[in-house]
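Enquirer: For the sequence shown, the tail end lands on 298 under this note's numbering, and the numbers increase by one without skipping.
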Amino acid sequence: MAKDSTTIDVGEPSTVNKSTSHVEVGGKIKKKSFVAAATTGGSKRGLAIFDFLLRLAAIAATLAASIVMFTAEETLPFFTQFLQFQAGYDDLPTFQFFVIAIAIVAGYLVLSLPISIVTIVRPHAVAPRLILLILDTVVVTLLTAAAASSAAIVYLAHNGNQSTNWLPICQQFGDFCQTVSSAVVAASIAIVFFLILIIISAIALKRH
């Protein structure tokens, strides 16, 4: 009696699922990479916009400091119009340097706005951001020198120096001292803005 035999048709191994899963995995990887790139670009653009706004604020601060110092002047009404005591920014070379230096800084900030706009349009561009970082570092040095030297003169004007018999002139020229002090404060605020700008540029370059 012949035994019945059963044959199981296994068939050829299917490669469709493997290839499909491979395509799906590859698609997920590409999708994740695209999302990561979009997220990085968005953060860079946000930093660039903040950079632009800070430059506008720094322009306002430096212009205010330069104009206030330039207009600092006071005349004491002593005796007659032929005998008067007057104090002005141009009486001290330090304050003259302050006006010129701050005006240069304000001009640089205006010229840097187009470069800042480029970083907004092209957040992944390295060259514009590197240029801003280098120039900001140089300019903040000039700004700090002008503000620090003027702050020293303002301190002497308010407190004097007993060792050298320098009297505090702010007891007589109160309005003049108040004006130049306001200019120095505005310049100090601009220094803070520049430090933040440098940090922003460093962060943006680090993300590359």
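By construction, the Cβ of each residue, glycine as well, lies at the ideal position given by its N, Cα and C atoms.
The structure presented is a predicted model; accordingly, all values stated were derived computationally and were not measured.
Classify Asp323: buried if its beta carbon has 16 or more other beta carbons within 10 angstroms, exposed otherwise.
Expert: Since the first and last residues shown for the chain are 91 and 298, residue 323 lies out of range.
Enquirer: May I have the straight-line CA-CA distance separating Leu285 from Ile279, to the nearest angstrom?
Expert: Taking the first residue of the sequence shown as position 1, residue 285 is located at position 195. Taking the first residue of the sequence shown as position 1, residue 279 is located at position 189. Each residue's alpha carbon lies about 10 Å from the other.
Enquirer: On the DSSP letters alone, give me the boundaries of the alpha helix (DSSP H) that Leu182 sits inside.
Expert: For this step, residue 182 is matched to residue 92 along the sequence shown. It is not in any alpha helix (DSSP H) - Leu182 carries neither H nor E in the DSSP assignment.
Enquirer: Is it right to say Ile293 is buried, meaning 16 or more other beta carbons lie within 10 angstroms of its own, or is it exposed?
Expert: Within the sequence shown, numbered from 1, the residue matching residue 293 stands at position 203. Burial call: exposed.
Enquirer: With DSSP as the reference, label Val115 as helix, strand or coil.
Expert: Taking the first residue of the sequence shown as 1, we reach residue 115 at position 25. Confidence in Val115 is poor, its pLDDT being 45 and thus under 50, which makes the residue's placement unreliable; the coordinate value appears in the next sentence. Val115 falls in the helix class under three-state DSSP.
Enquirer: Got a sec? Which residues, its chain only, sit under 7 Å from Pro258 by beta carbon, not counting five neighbours each side?
Expert: The count along the sequence shown starts at 1 and reaches residue 258 at position 168. Cβ within range, chain order: Ala247, His248, Asn249 and Gly250.
Enquirer: Would you report the Cα separation of Ser123 and Gly132, rounded to the nearest angstrom?
Expert: Here residue 123 refers to the residue found at position 33 of the sequence shown. Here residue 132 refers to the residue found at position 42 of the sequence shown. Reliability of the predicted coordinates at Ser123 is poor, the pLDDT of 45 falling under 50, and no value is obtained from them.
Enquirer: Would Phe283 be called buried (16 or more neighbouring beta carbons within 10 Å of its own) or exposed?
Expert: Along the sequence shown, one-based indexing puts residue 283 at 193. Flag for Phe283 reads buried.
Enquirer: With DSSP as the reference, label Asn251 as helix, strand or coil.
Expert: One-based indexing of the sequence shown puts residue 251 at position 161. Three-state result, Asn251: strand.
Enquirer: Give the C-beta separation of Leu232 and Ile194 to the nearest angstrom, bearing in mind that I take them to be a contact with Cβ-Cβ under 8 Å.
Expert: Residue mapping note: residue 232 aligns to position 142 of the sequence shown, counting from 1. Residue mapping note: residue 194 aligns to position 104 of the sequence shown, counting from 1. Sure, about 7 Å apart at Cβ, within 8 Å.
Enquirer: Can the beta-carbon of Ala191 be found less than 7 Å from the beta-carbon of Ala236?
Expert: For the purposes of this step, residue 191 is identified with residue 101 of the sequence shown, where counting begins at 1. For the purposes of this step, residue 236 is identified with residue 146 of the sequence shown, where counting begins at 1. It is a contact, given that the beta carbons lie within the stated cut-off.
Enquirer: What did DSSP end up calling Leu166 once you bin it into helix, strand or coil?
Expert: Numbered from 1 along the sequence shown, position 76 holds the residue referred to as residue 166. Leu166: strand per DSSP, three-state reduction.
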